[in-house]
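Down below is the structure, laid out as structure tokens.
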Amino acid sequence: MATLGIDALLRDFDDRLPRGLARAISWAESGRGAELIARLYPRIGRAMTIGLTGPPGVGKSTLSSALVKKARSLGKTVGVISVDPSSPFSHGALLGDRIRLTEHFVDPDVFIRSMASRGHLGGLSGATADAVMLMDAFGLDVVLIETVGVGQSEIEIAELAQTTLVALQPGSGDSIQVLKAGIMEIADIFVVNKADHPMANQLRREIRGMMEMLSFSGWVPELVMTQAVSGEGIDDLWRAIESHLVYLNESGEIETKRREAFTHQVRQLALGRIQRRLARELHEHPRTDLDPYAAADAVLERFNAVGEDGDAPDFAVRPRAVVKGLT
Ligand SMILES: Nc1nc2c(ncn2[C@@H]2O[C@H](COP(=O)(O)OP(=O)(O)OP(=O)(O)O)[C@@H](O)[C@H]2O)c(=O)[nH]1
Ligand SMILES: [Mg+2]
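To get the working numbering, take the position in the sequence shown, counting from 1, and add 31.
This is the structure:
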């Protein structure tokens with residue numbers, strides 16, 4: 032990659048030009064995040080990061096828009112990452128996000144980005160984590176990540192964000208789903224959106240009931256009722272987010288969270304590389320002459336045999352080679 036390109040981009044970062052951030056995220060999306068993150072890493076760790084997940088249509092984008100408005104009213108700059116689960120049905124949702132967030136499009140202090148989650152292991156793509164870091168490094172005060180609660184991504188969002196909001200809507204049997212999917216554990220704040228719905232109070236009671244069956248150490252999830260369309264309850268939601276952040280700081284849990292998020296990211300990056308390398312090895316050296324166990328041994332052997340066939344891999348698990356070189 033042209034280093035010149037990076038320097039120009041970093042100048043745009045320094046000048047706080049949104050095009051710099053837009054380009055940076057595009058680089059990350061095309062798998063070129065490493066060098067950028069290396070340069071920007073010292074600037075990371077200041078933003079307030081909020082994950083927002085929940086079933087399709089629950090009002091996540093409308094909530095995002097309302098939270099952006101709230102944060103702007105407090106003078107905070109905001110980044111929104113709207114993660115598209117890359118399903119064939121998602122184009123409407125993406126368009127919906129655009130429509131619901133349009134009122135913020137002209138605001139230079141709001142940066143909105145939709146991203147595909149063509150994820151490793153069915154979860155969020157590494158580029159999503161990169162985008163959070165890039166927005167943070169860019170100096171945005173708040174980074175909001177919206178993702179539909181399908182599969183693995185909502186669990187990962189809790190690894191990525193300081194505060195995780197789980198949005199539910201009345202009259203859809205959501206609470207039962209929550210219990211099933213194990214989302215209960217990741218919610219720092221439950222948001223019962225569409226509180227104007229006649230069954231809203233029933234859902235609140237159901238969530239309360241579920242929470243009574245669990246024991247929490249430390250933070251006990253808050254439950255907030257909202258009407259994202261009218262903005263009702265958004266002040267309460269913001270207060271809940273802030274008190275969670277206060278809790279994280281005062282309990283020291285913020286450090287634990289940071290460490291866990293870091294480990295999670297490193298694991299995902301390393302796994303991604305191992306998977307790509309493994310796929311290549313299996314393709315190039317199928318070893319159908321062996322039984323599966325022996326073939327697995329053989330492929331792992333090859334992981335250590337760096338460059339012996341002149342085809343040096345772009346990375347290697349090679350502890351022995353390193354030790355020999357050192358002694
Ligand atoms: N009655 C009512 N409708 C709402 C409320 N909040 C959002 N909606 C509506 O619910 C629909 C879905 O809202 P979105 O914000 O697109 O929901 P989403 O969760 O982002 O949807 P996906 O991104 O497709 O998963 C829209 O028609 C909203 O206008 C609310 O508080 N009350
Ligand atoms: Mg949406």
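We put the beta carbon where it would ideally sit given N, CA and C, even for glycine. Note that the coordinates shown come from a computational prediction; the quantities given were computed from them, not determined experimentally.
Take residue i and list the residues in its own chain whose beta-carbon comes closer than 7 angstroms to its own, dropping the five residues that flank it on each side.
i      : result
Gly264 : Ala226, Val255, Met256, Thr257 and Gln258
Arg77  : Asp167
Gly249 : Ser282 and Glu284
Glu291 : Glu190
Ala162 : Ile56, Ala59, Ile112, Arg144 and Met146
Leu171 : Ala78, Thr108, Val109, Gly110 and Phe142
Ile68  : Asp161 and Met164
Ala192 : Thr80, Ile81, Gly82 and Ile176
Val260 : Thr93
Our contact map puts residue i next to residue j with C-beta atoms below 8 angstroms; I'd like the distance itself, whole angstroms only.
i      : j      : result
Asn224 : Val89  : 6 angstroms
Ile112 : Arg144 : 5 angstroms
Ile238 : Ala271 : Their Cβ separation, rounded to whole angstroms, is 14 angstroms, which puts Ile238 and Ala271 out of contact at 8 angstroms.
Leu165 : Ile56  : 6 angstroms
Leu83  : Glu187 : So it is not a contact: roughly 13 angstroms between Cβ atoms.
Lys288 : Leu279 : 7 angstroms
Quick one: is the Cβ of residue i within less than 7 angstroms of any heavy atom of ligand 1?
i      : result
Ser282 : no
Thr159 : no
Gln233 : no
Val109 : no
Gln208 : no
Thr195 : no
Ser92  : yes
Ala218 : no
Asn224 : yes
Thr84  : no
Pro359 : No answer is possible for residue 359: it lies beyond the span of the chain, which begins at 32 and ends at 358.
Ala259 : yes
Asp227 : yes
Excluding sequence positions up to five away, which residues of its chain have a Cβ less than 8 angstroms from the Cβ of residue i?
i      : result
Leu300 : Gly157
Gly51  : Leu40, Leu41, Arg42, Asp43, Phe44 and Phe169
His122 : Note that His122 scores 44 on pLDDT, short of 50, meaning its location in the model is unreliable; the coordinates nonetheless yield the value given after this. Same-chain partners within the cutoff: there are none.
Pro49  : Pro139 and Phe142
Arg318 : Ala325, Ala326, Ala329 and Val330
His316 : Ala329, Val330 and Arg333
Pro119 : Per-residue confidence for Pro119 stands at a pLDDT of 40, beneath the threshold of 50, marking its modelled position as unreliable; the derived number appears in the next sentence. Excluding sequence neighbours, Pro119 sits near nothing in its chain.
Pro229 : Pro201 and Gly202
Leu245 : Met215
Can you name the residues that DSSP bridges to residue i?
i      : result
Asp115 : Ala147
Val163 : DSSP lists no partner for Val163.
Gly110 : Phe142 and Val174
Gly82  : Ile176 and Thr195
Met256 : Val223
Glu263 : Gln258
For residue i, which residues in the same chain have their Cβ closer than 6 angstroms to its Cβ, ignoring the five residues on either side in sequence?
i      : result
Ala15  : As displayed, the chain neither begins before 32 nor continues past 358, which places residue 15 out of reach and without an answer.
His135 : Val99 and Val141
Gly262 : Ala97
Gln200 : Val89, Asn224 and Lys225
Glu253 : Ile220 and Ala271
Val173 : Met79, Ala102, Lys107 and Val109
Arg47  : none
Gln296 : Ala160
Ligand 2 heavy atoms versus the CB of residue i: any closer than 7 angstroms?
i      : result
Ser145 : no
Ser96  : no
Lys101 : no
Glu406 : One cannot answer for residue 406 here, as it falls past the ends of the chain, which runs 32 to 358.
Flag residue i as yes if its beta-carbon sits less than 8 angstroms from any beta-carbon of chain B, otherwise no.
i      : result
Ser156 : No chain B is part of this structure, which consists of one protein chain only.
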